[in-house]
Each structure stands twice: as C-alpha cells, then as structure tokens.
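Colleague: Numbering (the working numbering), first residue to last: 2 to 144. Virtual Cβ for every residue (Gly too), placed ideally from N, Cα, C. Dumping the structure here so I can ask a few things about it.
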C-alpha cells in the first residue's frame, strides 16, 4: 500500500502460513503419477507489479517496475534467488542459463519466466511466445 505498510504484515503471515500448509499437504499426499503431489505440481506466486524497495514519506511503497516471483515445486531448480540489481536496486542484465548478473546478458522479464513455466508444463513456448528466451536457470532440467 502507498501508506503504512504495517497493515500488510498479517496478510503476509497468512499467505506464508497457507503456503506452508499447502506444501506440507503436497509432500504427504500421493500424486497421480508420482509418489507425492509435490513431485508433479509447481506453485507460482507473483504480483502484476512491484513496489519500491524503500518506504515513501507516508510509510508506504509506491509502484516499481521490478517485482519478484516465488516458484516452488516440481521441475524447479530451487533454493536460490535468480536475477540481479545494482546498488540502487535497479534490475540488471542476467545470463538466462544461470540467473546470475551478466553485463552481456539480457534484462529478465515476465515473458522469460512465462516461457520457463510453459516448458515446465510440457508446452511448446514458441506457440505462445515465439522468439522469447527462457529463464532456464529456473528449471531443474534445462532442456
């Protein structure tokens, strides 16, 4: 929110508690084609826009052109952060294969994430997003 971000704390707590319950359920429930649901389901949580990394004069956050996504589950090379920012927290180019800063790389966009998610779903990304490079660093199988 644009002022007084403290009101969001409960919503974040609720979200992460629910995510924890969901992940626990998926890791103890048999899957359709695998031992556990967590072996065949991928969860993606993101926002349509970002918020400034620092508080404004009203104790809130304004719109920001950079955001983040949480991706967990089957097919995800997890346990790390992908992407890069400079000291002013402005996005920097990355290598799409490693997810690390690369001055000769490309700016990470939602379309790159989208192509990786299409690959995870077993779909042909070129049918939906032709010519867009995949954020292959996200995938446990970078094929």
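Does DSSP put residue 62 in a helix, a strand or coil?
Modeller: In the structure shown, residue 62 sits in coil (DSSP, three-state: anything other than H, G, I, E or B).
Colleague: Helix, strand or coil, according to DSSP, for residue 77 in the structure here?
Modeller: If DSSP states are grouped into helix, strand and coil, residue 77 belongs with the strands.
Colleague: Roughly how many angstroms lie between the CA atoms of residue 106 and residue 35, to the nearest whole one?
Modeller: Each residue's alpha carbon lies about 37 Å from the other.
Colleague: What residues are listed by DSSP as bridge partners for residue 120?
Modeller: None, per the DSSP bridge assignment.
Colleague: Between the Cα of residue 39 and those of 47, 97, 124, 25, spot the shortest distance and give me the residue it belongs to.
Modeller: The residue with the shortest Cα to Cα distance from residue 39 is 25.
Colleague: Does the Cβ-Cβ distance between residue 97 and residue 134 come in under 8 Å?
Modeller: Closer than 8 Å, so yes.
Colleague: Per DSSP, residue 45 forms a beta bridge with which residues?
Modeller: According to DSSP, residue 45 bridges with 72.
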